[in-house]
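Below is one structure, written out as structure tokens, with a few remarks after it.
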Amino acid sequence: MIGSAMEEAGMSNVLRYLARCGAYAITMLLAAVWTVGGMESLTRPLFDLGKPLIGDAIILIARTIAIPSEAIVLFALMLVGLKFMVGAFLLAALFSAAYQKIHFGSSDDAMLDVALLASAIATVASSLPGLLHGGELLLSVIGELMLCVIASALAIYGRGFLVKAELPPPVRIEPAVISAR
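This note's numbering applies: residue 29 is where the sequence shown begins, and numbers increase by one.
Here it is, written out as structure tokens:
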């Protein structure tokens, strides 16, 4: 009986460790996707303005927020910079988790959660051209959103928040009897 409980606890620890490693691997993949997307946009002369549906959406957004036509290329360059920033934030979350694990012995992965949330928000924002043009571009962002959710769930499981922990039995406090003098 005691041996099987110890085996279950050991197996649970292994699964938590593997879940965290999986979350970190998915985060590394997302960081690579954002960074490569930024590099791919930099290779184009007009950044993302030259892409058929995406360029139209960027121009529409720029005109909606009253950006002058001379600055639309700078707006597109800013969007490329945001791609790099999301990728860098995801990598910084990984380095932060590794640093905390090495120096403090544990990591709460708070920065990882925020980085995954930022990646999901950026993915939803990048799906705006797909919404404006009938949903043709939405298929590519669904995979990124699924990766964000899976990595977040694995990180939560790795921390142990989804695992029922053994709690000690509650302490019962008897009411004190006050004697009248």
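Don't be surprised by glycine CBs; every beta carbon is placed ideally from N, CA and C.
Look at residue i and residue j and say whether their C-beta atoms are less than 7 Å apart.
i: Gly66; j: Arg72; result: no
i: Leu144; j: Ala59; result: no
i: Ile95; j: Leu175; result: no
i: Leu182; j: Ala47; result: yes
i: Ser134; j: Ala125; result: no
i: Asp137; j: Ala104; result: no
i: Ala179; j: Ala51; result: yes
i: Ile82; j: Ala90; result: no
Identify the continuous alpha helix (DSSP H) that holds residue i and give its terminal residues.
i: Val112; result: At residue 112 the sequence reads Phe, which differs from the Val that was named. Start and end: 100–132.
i: Leu182; result: 166–187
i: Arg200; result: Per DSSP, Arg200 belongs to no alpha helix (DSSP H) and is neither H nor E.
i: Thr151; result: 138–154
i: Arg72; result: That residue, Arg72, is in no alpha helix (DSSP H); it is neither H nor E in DSSP.
i: Ala90; result: 80–92
Would you mind working out which of the options sits nearest residue i, comparing C-alpha positions?
i: Ser168; options: Ser154, Ala179, Val177; result: Ser154
i: Leu156; options: His131, Val61, Leu88, Leu57; result: Leu88
i: Val61; options: Val142, Arg91, Leu110, Gly188; result: Leu110
i: Val64; options: Leu159, Val108, Leu173, Val142; result: Val108
i: Leu173; options: Ala85, Arg187, Ala146, Gln128; result: Ala146
i: Ser186; options: Val177, Val199, Leu43, Met56; result: The question names Ser, yet the displayed sequence has Gly at residue 186. Taking only the C-alpha atoms, the option nearest Gly186 is Leu43.
i: Ser40; options: Gly188, Val199, Glu202; result: Gly188
i: Tyr45; options: Met106, Ile184, Glu68, Ile170; result: Ile184
i: Met56; options: Leu70, Leu74, Ala120; result: Ala120
i: Glu102; options: Leu74, Val177, Ile201; result: The amino acid occupying residue 102 in the given sequence is Leu; Glu does not appear at that position. The option with the nearest alpha carbon to Leu102 is Leu74.
Would the region 138–152 count as touching the region 113–130 if we require 3 or more Cβ pairs under 8 Å? yes
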